[in-house]
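Using full-length UniProt numbering, read the sequence shown as starting at 1 and increasing by one per residue.
So the structure is just underneath, and the comments pick up after that.
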Amino acid sequence: MEKVQYYVLFNNHDSGMRLYNSLKKRNIKSTIAPTPRVASKCCGISLLINKEDIDEIKKCINEESLDIIKITEIKTNINSKRDKYC
């Protein structure tokens, strides 16, 4: 089953934490996650976000003058039978 996930990528850890805290204050859900290798070679952390929140997140980035690399979508292939041996 293929699923699409959305990530905000950063040049540095500080920008990632600043955006995370700003989104938290605005009650916009995000999750700190390791940056997937296929996305970029950036600082190592990214924010996993919901597609429906992207416009509000872009607004927050502009208002807070935060430095990001990009918002990207990554298709993941989830195998529900992975690591099941019985």
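C-beta atoms are modelled at their ideal positions from N, C-alpha and C, and glycine is treated no differently.
Backbone CA spacing between residue i and residue j [nearest angstrom]
| i | j | result |
| --- | --- | --- |
| L19 | T76 | 24 angstroms |
| S46 | E63 | 19 angstroms |
| I49 | Y6 | 5 angstroms |
| R26 | E2 | 30 angstroms |
| R37 | C43 | 11 angstroms |
| I71 | P34 | 14 angstroms |
Selection from the options that minimises the alpha carbon distance to residue i
| i | options | result |
| --- | --- | --- |
| L66 | V8, K51, E73 and E52 | V8 |
Close-in-space but distant-in-sequence residues of the same chain around residue i (CB under 6 angstroms, 5 per side omitted)
| i | result |
| --- | --- |
| N21 | none |
| V4 | E73 and K75 |
Test: residue i CB closer than 9 angstroms to a CB of chain D
| i | result |
| --- | --- |
| S15 | Here there is only one protein chain, and chain D is not present. |
Strand pairing of residue i, partner residues [DSSP]
| i | result |
| --- | --- |
| E2 | N77 |
Residues near residue i by beta carbon distance below 8 angstroms, same chain, minus five either side
| i | result |
| --- | --- |
| K24 | S30 |
Nonlocal neighbours in the same chain, by C-beta distance under 7 angstroms from residue i, ignoring five residues either side
| i | result |
| --- | --- |
| I61 | L19 and I68 |
| I28 | D53, E56 and I57 |
Cβ-based burial, residue i [other Cβ within 10 Å; buried from 16]
| i | result |
| --- | --- |
| I32 | exposed |
| G16 | buried |
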